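Residue numbers (this note's numbering): 5 to 176.
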């Protein structure tokens, strides 16, 4: 609730933003950016790869399957047919086998599902690829960086007051 109180008031957030832009907090900003980017690059790569596979994979598989499909011969013996009707024209054969393009609603649904799946996999990949021990060590060192720390300036006094209000056994 201490963090919620600090960040729920819009004027306080604006004040913190202006304070945080000063050069005194540059080392803390760099440390937080490094923590944020710990597994994010891998997650973005995994998500982008998943999206490309989901979008380009099914059409590529369909093209491969259609190119390997052999057209059965109608009659054994001679390769010539003198009584071919118009539907058996060699020019019409390729277009008849192609599936129809789905409607706008189905394409939008497939795009949204592909985006959802690839974003989910990107988030899971980001969590999976980050080094949790390094992350915890870096987070614990953020208030101790050189220069000033907005985290310690804003929260340490509040946390100490909250800690003092908690009754503890054996504290005199």
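C-beta atoms are modelled at their ideal positions from N, C-alpha and C, and glycine is treated no differently. Keep in mind it's a predicted model, so treat the numbers as computed, not measured.
- Message: Which of the three DSSP states is assigned to residue 43 in this structure?
- Response: Position 39 of the chain shown holds residue 43. Coil at residue 43, not helix or strand.
- Message: I need the boundaries of the alpha helix (DSSP H) containing residue 21, first residue and last residue.
- Response: Counting from one through the chain shown, the residue named residue 21 turns up at place 17. Counting along the chain, the alpha helix (DSSP H) containing residue 21 begins and ends at 14 to 24.
- Query: Where do the ends of the alpha helix (DSSP H) carrying residue 167 lie?
  - Reply: Here residue 167 refers to the residue found at position 163 when the chain shown is read from its first residue. Looking at the DSSP string, the run of the alpha helix (DSSP H) that includes residue 167 is 154 to 169.
- Message: With three or more C-beta pairs closer than 8 Å as the rule, is the stretch 35 to 47 touching the stretch 105 to 113?
- Response: no
- Task: Could you tell me how far apart the beta carbons of residue 43 and residue 124 are, in whole angstroms, since I believe they sit closer than 8 Å?
- Result: Numbered from 1 along the chain shown, position 39 holds the residue referred to as residue 43. Numbered from 1 along the chain shown, position 120 holds the residue referred to as residue 124. Not quite, the Cβ-Cβ distance comes to about 15 Å (not below 8 Å), so this is no contact.
- Message: Between which residues of its own chain and residue 50 is the CB-CB distance below 7 Å, once the five residues before and five after are set aside?
- Response: Counting from one through the chain shown, the residue named residue 50 turns up at place 46. Around residue 50: 125, 126, 129.
- Query: Looking at C-alpha atoms only, which residue of 31, 119, 25, 152 is the closest neighbour of residue 57?
  - Reply: Position 53 of the chain shown, counting from 1, holds the residue named residue 57. Of the candidates 31, 119, 25, 152, the one whose C-alpha sits nearest the C-alpha of residue 57 is 119.
- Item | Endpoints, alpha helix (DSSP H) assigned at residue 146 | Along the chain shown, one-based indexing puts residue 146 at 142. Segment: none, residue 146 is in no alpha helix (DSSP H) and carries neither H nor E.
- Are there 16 or more other CB atoms within 10 angstroms of the CB of residue 29, so buried, or fewer, so exposed? Translated into positions along the chain shown, residue 29 becomes position 25. Buried, since its Cβ has 16 or more Cβ neighbours within 10 Å.
- Query: Does the beta-carbon of residue 18 have 16 or more other beta-carbons within 10 angstroms, so that it is buried, or is it exposed?
  - Reply: What you label residue 18 is simply residue 14 of the chain shown in a count that begins at 1. With fewer than 16 Cβ atoms within 10 Å of its Cβ, residue 18 is classed as exposed.
- Message: Given a cut-off of 9 Å on the beta-carbon distance, is the pair residue 10 and residue 159 in contact?
- Response: In the chain shown, counting from the first residue as 1, residue 10 sits at position 6. In the chain shown, counting from the first residue as 1, residue 159 sits at position 155. Against a cut-off of 9 Å, the Cβ pair of residue 159 and residue 10 comes out as a contact.
- Consult DSSP for residue 63 and reduce its assignment to one of helix, strand or coil. Looking up residue 63 in the chain shown gives position 59. Looking at residue 63 - three-state DSSP - the assignment turns out to be helix.
- Within the present structure, is the beta-carbon of residue 152 separated from the nearest heavy atom of the ligand MG by less than 8 Å? The ligand MG is not part of this structure, which contains no ligands at all.
- Message: One question on the structure: do residue 20 and residue 154 come within less than 9 Å of each other, judged by their Cβ atoms?
- Response: Here residue 20 is taken as the residue at index 16 of the chain shown, counted from 1. Here residue 154 is taken as the residue at index 150 of the chain shown, counted from 1. Closer than 9 Å, so yes.
- Task: Answer yes or no: do residue 116 and residue 52 have a C-beta to C-beta separation smaller than 9 Å?
- Result: To locate residue 116, count along the chain shown from 1; it is residue 112. To locate residue 52, count along the chain shown from 1; it is residue 48. No, the Cβ-Cβ distance between residue 116 and residue 52 is not below 9 Å.
- Message: Quick check: what's the CA-CA separation for residue 8 versus residue 61?
- Response: Mapped onto the chain shown, residue 8 falls at position 4. Mapped onto the chain shown, residue 61 falls at position 57. Computed Cα separation, rounded: 45 Å.
- Task: Please report the Cβ distance between residue 142 and residue 35, rounded to the nearest whole angstrom; I am assuming they are in contact, meaning their Cβ atoms lie under 8 Å.
- Result: Taking the chain shown and counting its residues from 1, one reaches residue 142 at position 138. Taking the chain shown and counting its residues from 1, one reaches residue 35 at position 31. Their Cβ separation, rounded to whole angstroms, is 7 Å, which keeps residue 142 and residue 35 in contact under 8 Å.
- Got a sec? Which residues, its chain only, sit under 7 Å from residue 6 by beta carbon, not counting five neighbours each side? Walking along the chain shown from the start, residue 6 turns up at place 2. These residues qualify, in order along the chain: 159, 162, 163, 166.
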